[in-house]
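Chains as they are written, first to last, in the UniProt record's numbering: chain A, 1 to 77; chain B, 1 to 189; chain C, 1 to 588.
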Amino acid sequence: MTATEAEAETDSAVVGEETYADGTLVRDPDIEESLSQDEYDPKGTLALLLVYFLILALMWTYMYFVEFLGNGATVIG
Amino acid sequence: MHVHNYEKLWLGASLLLIVGFISTIVYGAAGAGITMVNDEGGQVNPQELGNTSGFDDPGVTKVGPNEYEVHVVGIQFAFQPSTMEVPANSTVTFYVTSRDVVHGFEIVGTNANTMVIPGEVSKITVEFDEPGEYGIVCHEYCGAGHHSMAAELTVTEPSNFTMQDDTQTQTGGNETTNATATPSGGESA
Amino acid sequence: MSTPGETAGETVDSAREMLPDNSFLIQYPHVSRVVRSLFLTAFVAFGIGAFMGVLQALHRTGVARLVDSADYYTLLTLHGVLLVIVFTIFFLAGVFAWANTRSLDRPPVSKRFTWFWVATMSVGTAMAGIAILAGLIPSTDISADVLFTFYAPLQAHPIFYIGLAVFIIGTWLAGIDWFRQYLAWRRENAGERIPLQSFMVLTTMLMWFIATMGVAVEVVVFLIPWSLGIMPAPNPLLTRTLFWFFGHPVVYFWLMPAYLLWYTVLPKIAGGRLFSDPLARVVFVLFLLLSTPVGIHHQYVDPGIAEGFKFIAMTNTMFLLLPSLLTAFTVVASIEHGARQRGGTGYFGWLKALPWRDPAFTGMALAGLMFAAGGFSGMINAGMNINYLVHNTIWVPGHFHLTVGTAVALTFMAASYWLVPRITGRKLYSRPIGLFQVVLWFIGMVFMSAAMHRGGLAGIPRRTAEPQYPQVTFETVAGSVSSLRLQLAFGGVLLFVSALLFLMNVGLTAMNNKPARNLDSALPPALSGPDQSPTVLDNLKLWALIAVVLVILAYSLPLYSIVQGAGLYPAGQEASPAVIAPLLEVIA
Chain A
1 MTATEAEAET DSAVVGEETY ADGTLVRDPD IEESLSQDEY DPKGTLALLL VYFLILALMW
61 TYMYFVEFLG NGATVIG
Chain B
1 MHVHNYEKLW LGASLLLIVG FISTIVYGAA GAGITMVNDE GGQVNPQELG NTSGFDDPGV
61 TKVGPNEYEV HVVGIQFAFQ PSTMEVPANS TVTFYVTSRD VVHGFEIVGT NANTMVIPGE
121 VSKITVEFDE PGEYGIVCHE YCGAGHHSMA AELTVTEPSN FTMQDDTQTQ TGGNETTNAT
181 ATPSGGESA
Chain C
1 MSTPGETAGE TVDSAREMLP DNSFLIQYPH VSRVVRSLFL TAFVAFGIGA FMGVLQALHR
61 TGVARLVDSA DYYTLLTLHG VLLVIVFTIF FLAGVFAWAN TRSLDRPPVS KRFTWFWVAT
121 MSVGTAMAGI AILAGLIPST DISADVLFTF YAPLQAHPIF YIGLAVFIIG TWLAGIDWFR
181 QYLAWRRENA GERIPLQSFM VLTTMLMWFI ATMGVAVEVV VFLIPWSLGI MPAPNPLLTR
241 TLFWFFGHPV VYFWLMPAYL LWYTVLPKIA GGRLFSDPLA RVVFVLFLLL STPVGIHHQY
301 VDPGIAEGFK FIAMTNTMFL LLPSLLTAFT VVASIEHGAR QRGGTGYFGW LKALPWRDPA
361 FTGMALAGLM FAAGGFSGMI NAGMNINYLV HNTIWVPGHF HLTVGTAVAL TFMAASYWLV
421 PRITGRKLYS RPIGLFQVVL WFIGMVFMSA AMHRGGLAGI PRRTAEPQYP QVTFETVAGS
481 VSSLRLQLAF GGVLLFVSAL LFLMNVGLTA MNNKPARNLD SALPPALSGP DQSPTVLDNL
541 KLWALIAVVL VILAYSLPLY SIVQGAGLYP AGQEASPAVI APLLEVIA
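Structural data, given as C-alpha cells:
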C-alpha cells in the first residue's frame, strides 16, 4: 500500500482522478460502467431483505410463543 | 412520486410485518388474556404506608377460596416482606409500592414484572401452576445498595400449604421495623 | 508518524495550497475549525465513557472488581451521560455543521453565534460532568448518581440539572444556527428544492425541538426548583413520563445523523449513487412525525397509566419501524448500485465487489448489519405485553448497544475516517488499523450483546453492580450463566481495545504531517432525484405542525390522567439521597 501511495504521489496523472482521501477507492475504468436509473434493478437488495423478512418473522414467532408465552406465570389481571 | 417496484414490494412486506406484530400483541391480550399493569392500583402516600390498609402489614392474605393477595413494599434496599409463600394453582394478586424511590419488581423466570413507583400501586394478578422457589429482584436502580435488593417467593403444593395468619402478620410487622433500622436487611428473614 | 525530514517539502500548510479549491477545508476553514472542536469534545467523552464501560463489564460479571460496588453507579452514570449525550450529540453537531454548510454551499450566518452555541453546550456538559464526578469524592456532598434517566425522587445536585438544561439550550441554539443558514440560502434560492443533507439536518432538528420540550419542562419546571429546595418533590410518574417524552426521540436524534451518513456518504464511498432521494425525504419526515408520540412504550409496565394509552403508544411505535425498514432498502440498494457499477453480479455475489478494505465503508456496513439485529430486539421491546419478558433485564442494554452502541457509534467512527481528513487536510494515519478497529468493534459487540440478550431472557436485571443474589437462580435456555458472564466481559474488553485504537488513529491523524489528497466532498446525484418527488415533502412548517398535533394527541390524556391521579406534588415524596442540603438552606 505504501508503495502504491508513494507512486501515486509522484504520478501527476493521478491527481484529479476520483480517488478518496486516502486512495481508498481507486476506480478502475476498465471494469467500471455507469448504471442509470432505468438500467438498474436492485435484485440483490430485494433478495437480502426478503431473507431478513423471513428471519424477523421466524424470530418473532419464536420469541412470542416460545420464550414469552412459555415463560411460566403471566400477568392476567 | 417515483418508487421502484421492488421498493413498493418491500414497503408492502414491511407493513405486513407491522400489522403482524400488532396482531400478535392483540392475540396475547385478547386470546391469552395477558393484562398490562395499569392505573387500577390507585395512589398512596409513601410516608403513610403504615396507616394504609394492606401495606400496614405487608405479606400474604387469603381473600377467597383459592385467592390470595400479597402486599409488598419496596424500600432502599429490600422488599417487605423478604419471603413470601403461596400455594400453587391459586390466583395471586400482588400490590406493590415504594416507600422511597423508584424500584422494580421482577419474579425471575416468570412474566411477572412491574415498575414500583412511590405514590402509585402496581397491581398484578398471576397464577402459578408449578410449585417451586422463585427469586424476586429489584430491576430498577434505586441507590448505592440496589444490587442487594431481592426477595424470595415459595410456591407450595396446595396440600402442604397452611395459611399462617398470625405468624405471617407477626413476621411482617417485625420486618417493617427491622428494615427501617437496617436498610440493607434484604436477607434478614 | 512520519519524521519531519521526510515531509519537509510537503507539510500540511504547504499542502493546503495543493488542495483543490472546492475542498471543504479551503472553502470553509471556519466551519472546519468548529467541526474539529466539536469532534475533539466528542472523542474525549468517548474515551472516558468507553473506559467506564469496560470497568462495568468486568465488574458486574465478577471478573474484576476495581471499584466499590456503591461507586459502580457513579461510573454507570458517567458511562451513559458521556456516551449517549456528550459523544453522540457533539459528534452529530459536527456532522450537521459540516453537512448543512456543504449542501447549502454557504457558511453559517454568524461566526460569533456558532461559537456561542458550541460554548453553551460545552459549559452545560462541564457542569453536569463535574456533578457526576464529584460523586466519587464523598467529602464534597455533591453527587449525581442518578444514571442517564435521573428518575425523581432520586436526586442529583442542582448543578447536574442546570448543566443539563444549559446543554439542551446549546443544542437549540445550534438548531437555530442551521435554520438561519438555511433561510439565508432560501433568500437566494427561491423555489429550489432543499438540498438533501440540509433537509435531513432541518427535519432532525425540528424533531429535536419538539422532543426536548418534555425534558425541558421536567428539568426546568420540576427538578431544578426541587433540587434547590424551592419546591416540593414532583410526582415521580409525571417526571418519568416527561423524561420518556424525550427519552425515546433522543434515540432518533442519535440515529438520524447516522442515517444522514448512510444515505449521503456511504453510497459515494461504495462507488454508487443514492437509490432514491424522494424516499430519503419521506423517511426523515416520518421520523419527524412519529419519533415523539411513542415514549410511553418505555412505560409498558408502569402503574398509573391505563392500558389503552400503552396500546396507542405501541401502534405508533410499530409504525415507526417503517422509516427504518425503508432505509434498509434504499441504503442497501445504493450500495448495490456501487457494486454493480464496479462489476458485481448475481443475487449475492455483488457483495464481493464492495470496497471492504476501506474502514469507512466496512465500518458503516457492519454498523448497518448490526442495526438489522438491533432492529429485531427493538421490535420485541416495542411489543406491549411481551415487554413483561424483557423489561429492565439486561436484554435492554443488549439491544441499545447494537443500536446506539454500534449502528450509531460505529458509523460515527467509520465516518470519522472519511471526514477527519476533510476537516483537517491531514492524511488518515493508518487505514489497516482503522479496518482492524471497526471489525474488532463488530466482533466485540457480537460477544457482548449476544450475552446480554441471552442473560436478559434468563431474567438477569440491568443497571446493577452485582447481579448475583443468594436468593435467586437465573436459568438460561442454553449455556451457563457463568459462560454468559465471560462472554460479556470478553466482548467488553474487545470493545475497549477497539475504542483505544480508534482514538489513537484519529489522534495521530490530527497530528499527521502528510497531507490528505483528493479531498472530494461532492456527492454523486441520486438515481431518483428530488425532481421525482412532490414539493410538499419540503414543506417543513406543515410537517412540524402535524408532528406537534400528533404529540398532543398522544400525550395530553395520559399526562392529564397522571396529574389527576397523584397531583403535581404528591404528599410524602422525599428526595434520596437526603444528604444534599438544598442550596437555599446553605445560603441562609
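For every residue, glycine included, the Cβ atom is placed at its ideal position computed from N, Cα and C.
Select from B:E130, B:F94, B:V126, B:D129 the residue whose C-alpha is nearest the C-alpha of B:V116.
Checking every option, the nearest Cα to that of B:V116 belongs to B:F94.
Tell me the rounded alpha-carbon separation between C:L542 and C:F287.
14 Å
Show which residues of chain A have a CB atom less than 7 Å away from the CB atom of B:F128.
A73
Considering only residues of the same chain and omitting the five flanking positions on each side of C:S324, which have a CB-CB separation below 7 Å?
G375
Excluding the 5 residues flanking C:P267 on each side, which residues of the same chain have their C-beta closer than 6 Å to its C-beta?
If we look at C:P267 and ignore the five residues flanking it on each side, its Cβ neighbours are R273, L274, S334.
Identify every run of the beta strand (DSSP E) within the segment 99-178 of chain B, keeping only runs that are complete inside it and at least 3 residues long; order them along the chain.
103-107, 113-116, 122-127, 132-137, 150-156
Name, please, each residue of chain B whose Cβ falls closer than 9 Å to the Cβ of C:N392.
G104, E106, N113, M115, H139, E140
In the DSSP assignment, the alpha helix (DSSP H) including B:K62 goes from what residue to what residue?
Premise fails: B:K62 lies in the beta strand (DSSP E), 59-64, not in any alpha helix (DSSP H).
Within 8 Å (strictly less), CB to CB, does A:A47 reach chain C?
yes
Considering only residues of the same chain and omitting the five flanking positions on each side of B:M84, which have a CB-CB separation below 6 Å?
V60, V70, L153
Measure the C-alpha to C-alpha separation of C:A544 and C:T203 and round it to an integer number of angstroms.
8 Å
Per DSSP, C:T393 forms a beta bridge with which residues?
C:P461
Taking C-beta to C-beta, are C:V67 and C:L55 nearer than 8 Å?
yes
Apart from the five residues just before and just after C:Q532, which ones in its own chain have a Cβ nearer than 6 Å to its Cβ?
Answer for C:Q532: P278, listed in chain order.
Beta-carbon separation of B:E48 and B:H103 under 8 Å?
no
For chain B, is any of its Cβ atoms less than 8 Å away from the one on A:I55?
no
Pick from C:V301, C:L238, C:L223: whose alpha carbon is nearest that of C:M231?
C:L223
Tell whether a beta-carbon distance below 8 Å holds between C:Q341 and A:L46.
no
Here's the rule: buried if 16 or more other CB atoms are within 10 angstroms of the residue's CB, otherwise exposed. What is B:D100?
buried
Check this for me: beta carbons of C:V446 and A:L48, under 8 Å apart or not?
no
Would you say the segment 297-312 of chain C touches the segment 255-271 of chain C, given that touching needs at least three Cβ pairs under 8 Å?
no
Measuring alpha carbon to alpha carbon, tell me which residue in C:V420, C:M370, C:A516, C:P107 is nearest C:W185.
C:P107
Pick helix, strand or coil for B:M84, following the three-state DSSP scheme.
B:M84 falls in the strand class under three-state DSSP.
Measuring straight from C-alpha to C-alpha, what distance separates C:W356 and C:T362?
5 Å
Check whether the segment 241-256 of chain C touches the segment 126-134 of chain B, taking contact to mean three or more Cβ pairs, one atom from each stretch, closer than 8 Å.
no
Counting only runs of 4+ residues fully inside the segment 459-532 of chain C, write out the alpha helix (DSSP H) ranges in chain order.
481-510
Taking Cβ positions only, does C:G9 come closer than 8 Å to chain A?
Residue confidence for C:G9 is low, a pLDDT of 43 falling below 50, so the modelled location carries little weight; the figure read from the coordinates is stated next. It does not; no Cβ of chain A falls within 8 Å.
Flag this pair as yes or no: are the beta carbons of C:L320 and C:S291 separated by less than 8 Å?
yes
Just to confirm before moving on: does the CB-CB distance between C:V31 and C:W98 stay below 8 Å?
Their beta carbons are under 8 Å apart, which means C:V31 touches C:W98 by this criterion.
Measure the alpha-carbon distance for C:L494 versus C:R422 and round it to whole angstroms.
29 Å
Could you list which residues in chain C have their beta carbon closer than 8 Å to that of A:Y62, in chain order?
Correct list: empty, because the minimum Cβ distance to chain C is about 11 Å.
Along chain B, in chain order, which residues have C-beta atoms closer than 8 Å to that of C:F319?
I18
Mind listing the chain C neighbours of A:G70? Cutoff is C-beta to C-beta under 7 Å, in chain order.
None at all; the shortest Cβ gap to chain C is about 10 Å.
Below 8 Å, how does it come out for the segment 79-99 of chain C and the segment 41-53 of chain C: are there three or more Cβ pairs, yes or no?
yes
Got a sec? Which residues, its chain only, sit under 6 Å from C:Q197 by beta carbon, not counting five neighbours each side?
Contacts found: A99, S103, T264.
Would you mind reading off the limits of the beta strand (DSSP E) that contains B:E67?
67-75
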